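One structure is given here, and the rest of the page talks about it.
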Amino acid sequence: MKVYPVVFFAFIFSLASGFLSASGGERWYRGNTHTHTLWSDGDDLPESVADWYKRHGYHFLVLSDHNILSRGERWKTLRADEAVPVLQKAAKRWGKDHVQTRIHEGEKQVRLMPLSEVRKLVEKPKKFIMIEGIELTSGPSGFAVHSNPLNVSEHLEVHRKTSRSVVEDLADHERLVYEHQAKTGDPVFWQVNHPNYKFSVTGEMLADIEGLHGVEIMNSSSNCFNLGDGSRPSLERIWDIANTLRLKRGGLPPIYGTATDDTHDYHVGDYVMNAPGTSWVMVRARALTPNAIAKAMQQGMFYSTTGVILKKLEFDAEAGTLTVVVKKKKGLNYRIDFIGTHKEASLDHEEVEAIVDEKGLSHPVTADYADERIGMSLQSTEGSKAVYRMTGDELYVRGVVHCDAPPYFKYDAYSDFVQKAWTQPVGWKN
Numbered sequence: 169m170k171v172y173p174v175v176f177f178a179f180i181f182s183l184a185s186g187f188l189s190a191s192g193g194e195r196w197y198r199g200n201t202h203t204h205t206l207w208s209d210g211d212d213l214p215e216s217v218a219d220w221y222k223r224h225g226y227h228f229l230v231l232s233d234h235n236i237l238s239r240g241e242r243w244k245t246l247r248a249d250e251a252v253p254v255l256q257k258a259a260k261r262w263g264k265d266h267v268q269t270r271i272h273e274g275e276k277q278v279r280l281m282p283l284s285e286v287r288k289l290v291e292k293p294k295k296f297i298m299i300e301g302i303e304l305t306s307g308p309s310g311f312a313v314h315s316n317p318l319n320v321s322e323h324l325e326v327h328r329k330t331s332r333s334v335v336e337d338l339a340d341h342e343r344l345v346y347e348h349q350a351k352t353g354d355p356v357f358w359q360v361n362h363p364n365y366k367f368s369v370t371g372e373m374l375a376d377i378e379g380l381h382g383v384e385i386m387n388s389s390s391n392c393f394n395l396g397d398g399s400r401p402s403l404e405r406i407w408d409i410a411n412t413l414r415l416k417r418g419g420l421p422p423i424y425g426t427a428t429d430d431t432h433d434y435h436v437g438d439y440v441m442n443a444p445g446t447s448w449v450m451v452r453a454r455a456l457t458p459n460a461i462a463k464a465m466q467q468g469m470f471y472s473t474t475g476v477i478l479k480k481l482e483f484d485a486e487a488g489t490l491t492v493v494v495k496k497k498k499g500l501n502y503r504i505d506f507i508g509t510h511k512e513a514s515l516d517h518e519e520v521e522a523i524v525d526e527k528g529l530s531h532p533v534t535a536d537y538a539d540e541r542i543g544m545s546l547q548s549t550e551g552s553k554a555v556y557r558m559t560g561d562e563l564y565v566r567g568v569v570h571c572d573a574p575p576y577f578k579y580d581a582y583s584d585f586v587q588k589a590w591t592q593p594v595g596w597k598n
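With positions in the sequence shown counted from 1, the corresponding number in the numbering used here is that position plus 168.
As structure tokens, then:
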């Protein structure tokens, strides 16, 4: 796919001189880029959702409801299991008269606040902001083509009724994002969501999207198969394959990896599936504004985490060193792995037969790349600090921090939900 390459490449050059260096006046901001409310299929009011993240130490939040911006007048009929917790929580936090209700066609409805009103209620300069977003949602029947543009200012209309293929839908999303960015002049960070949800998006598809900034490598909601399913690869493996193909074959910059809550459920307790607070990004930006956050993320100035916080993250391009230092928690042990692809790694592969689901639909599978130097382990260090020095043979290198804290929950049949952190690929311009 080829859309507005000049606009896209304008944002990648800062990585040549360094990554998350200590100078320049930046600071770290915690945020979630994938969040749902009653504006689509979430189960709480937008202001209650925003308030949860604000009270739990986040600095920014993107509400990304399906194919809709939180704008205009909207009333919602609550399910029986939603009504009591939604209204009780809002009354306790905002007062008993906060939520507007009405009877419509015999059903009780609540008025949903638009983002403009939510902002007035929760935003605090330099402390907490809302960034407007949307989850572009399409795909042929039985497939899911979902992506999030972050920092939009008008509705983007996907072609749901004319959807023909996953690849064509991804191209449609890309076109919408870059037309909007060209029109407004504001940076938009664009990520593909949960590639393994309904097993719709392969590594090769991601590699071919020229203007793609990010992809979810960790998603806290159900049925996203972060670690694959035994027959199909994990999101990290897909990420490494896509970036290897982009750098070796297409001359494109790497895709950055995000971790998100993809929150839908707000009445189920803490640290459980689909609930808030288990996956997020830490962005190093010059200011806490939508444009500054979006631009920093376009440049890969962030890491992703499910609980591990970094004290230092620095790439020295001249020295070719990537330094990772963990902010330790008492009683926990850490391991820092450095992952990368060798410059001479072969792209030889075997196509994997599509897997047919119970409805008879054929889902494509990322190819099997035989060369073990694709996404290989370059170095492993026990402890909370590690430095990797590039030899010149690497196509790129990235860090992964493992922690032995107990898992939050059983994610699926293939994995526990554990605390980790992922840095972005660096060294690819050396």
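Using N, Cα and C, we set each Cβ at its ideal position, and we do this for glycine too. All of these numbers come straight from a predicted model, not from anything done at the bench.
Worksheet item: With C-beta atoms as the reference, is Ser-315 less than 7 Å away from His-341?
Response: yes
Worksheet item: DSSP beta-bridge partners for Gly-567?
Response: Phe-506
Discussion item. Can you tell me where the beta strand (DSSP E) holding His-272 begins and where it ends?
Written reply: 269-272
Worksheet item: What do you reckon, are the CB atoms on Val-594 and Phe-483 nearer than 7 Å?
Response: yes
Fill in: In DSSP terms, what Ile-523 is bridged to
His-531
Item to complete: Mark Asp-408 as exposed unless 16 or more other C-beta atoms lie within 10 angstroms of its C-beta, in which case mark it buried.
Response: buried
Worksheet entry | Of the residues Gly-379, Glu-404, Met-386, Leu-481, the one placed nearest Gln-466, counting alpha carbons only | Gly-379
Worksheet item: With 16 other CB atoms within 10 Å as the buried threshold, where does Thr-473 fall?
Response: buried
Worksheet item: When we look at the beta-carbon of Ser-399 and count the other beta-carbons within 10 Å, is it buried (16 or more) or exposed?
Response: exposed
Worksheet item: Cβ atoms of Tyr-564 and Trp-596: under 7 Å apart, would you say?
Response: yes
Fill in: Among Tyr-197, Arg-557, Gly-468, Cys-571, nearest to Val-494 - alpha-carbon criterion
Cys-571
Worksheet item: Roughly how many angstroms lie between the CA atoms of Tyr-226 and Met-281, to the nearest whole one?
Response: 21 Å
Worksheet item: Taking Cβ to Cβ, would you say Ile-302 is nearer than 7 Å to Ser-232?
Response: yes
Item to complete: Counting only the same chain and skipping the five closest in sequence on each side, list residues whose C-beta sits under 6 Å from that of Thr-366.
Response: Checking the sequence, you will find Lys at residue 366 rather than Thr. Take Lys-366, set aside five residues on each side of it, and the residues of its chain with a beta-carbon closer than 6 Å to its own are Phe-311, Ala-312, in chain order.
Item to complete: Return the chain-ordered list of same chain residues with a C-beta closer than 7 Å to the C-beta of Val-171, the five sequence neighbours on each side being excluded.
Response: Low local confidence applies: a pLDDT of 40 at Val-171 is under 50, so the model's placement there is unreliable, with the coordinate-based value given in what follows. Only Glu-342, Arg-343, Tyr-346, Glu-378, Gly-379 meet the Cβ criterion.
Discussion item. If you reduce the DSSP assignment to three classes, tell me which class Glu-194 lands in.
Written reply: It is coil, neither helix nor strand.
Worksheet item: Just checking, does the segment 545-565 make contact with the segment 440-447 on the three C-beta pairs under 8 Å criterion?
Response: no
Worksheet item: Would the beta-carbon of Ile-504 fall within 7 Å of that of Val-520?
Response: no
Item to complete: Grab the span of the alpha helix (DSSP H) containing Trp-262 for me, first residue to last.
Response: Trp-262 -> alpha helix (DSSP H) spans 248-262.
Practice prompt. Might you give, ordered along the chain, the residues of its own chain that have their beta carbon closer than 7 Å to the beta carbon of Gly-193, omitting 5 neighbours on each side?
Written response: Arg-454
Discussion item. I believe Thr-245 touches Leu-229 by the beta-carbon criterion, under 8 Å. Please report the beta-carbon distance rounded to the nearest angstrom.
Written reply: About 25 Å; that fails the 8 Å criterion.
Item to complete: Under 8 Å by Cβ, that's how I've got Ser-216 and Lys-257 pegged, so tell me the actual separation to the nearest angstrom.
Response: 6 Å
Discussion item. Taking a contact to mean a Cβ-Cβ separation below 7 Å, would you say Ala-375 touches Leu-338 in this structure?
Written reply: no
Discussion item. On the DSSP letters alone, give me the boundaries of the alpha helix (DSSP H) that Met-373 sits inside.
Written reply: 371-375
Practice prompt. Tell me where the beta strand (DSSP E) around Thr-352 begins and ends.
Written response: Here Thr-352 belongs to no beta strand (DSSP E); instead the alpha helix (DSSP H) covers 334-352.
Practice prompt. With DSSP collapsed to three states, give me the class of Ser-189.
Written response: Its pLDDT being 49, under 50, Ser-189 is placed unreliably by the model, and the measurement read from it follows with that caveat. Of the three classes helix, strand and coil, the one that applies to Ser-189 here is coil, per DSSP.
Worksheet entry | Nearest to Ala-522 (by Cα), restricted to the options Arg-239, Pro-532, Lys-497, Leu-515 | Pro-532
Fill in: Alpha-carbon to alpha-carbon, Pro-214 and Arg-287
Straight-line spacing of the CA atoms in Arg-287 and Pro-214 works out to 10 Å.
Fill in: 6 Å Cβ shell around Arg-242 - same chain, five flanking residues per side excluded
Leu-280
Worksheet entry | Straight-line Cα distance separating Ser-284 from Ser-189 | In this predicted model, Ser-189 has a pLDDT of only 49, less than 50, meaning its place in the structure is not dependable enough to derive any value.
Worksheet item: On the premise that Pro-317 lies in contact with Trp-358, defined as a C-beta separation below 8 Å, what is that separation, rounded to the nearest angstrom?
Response: 5 Å
Worksheet item: Considering only C-alpha positions, which residue in the set Met-544, Ser-309, Lys-295, Arg-247 is nearest to Thr-457?
Response: Lys-295
Worksheet item: Under three-state DSSP, which class holds Ala-453?
Response: strand
Worksheet item: What is the residue span of the beta strand (DSSP E) that Tyr-556 lies within?
Response: 553-557
Worksheet item: What residues in its chain sit with their C-beta under 7 Å from that of Val-320, if we drop five residues either side in the sequence?
Response: These residues qualify, in order along the chain: Glu-300, Gly-301, Ile-302, His-348, Val-356.
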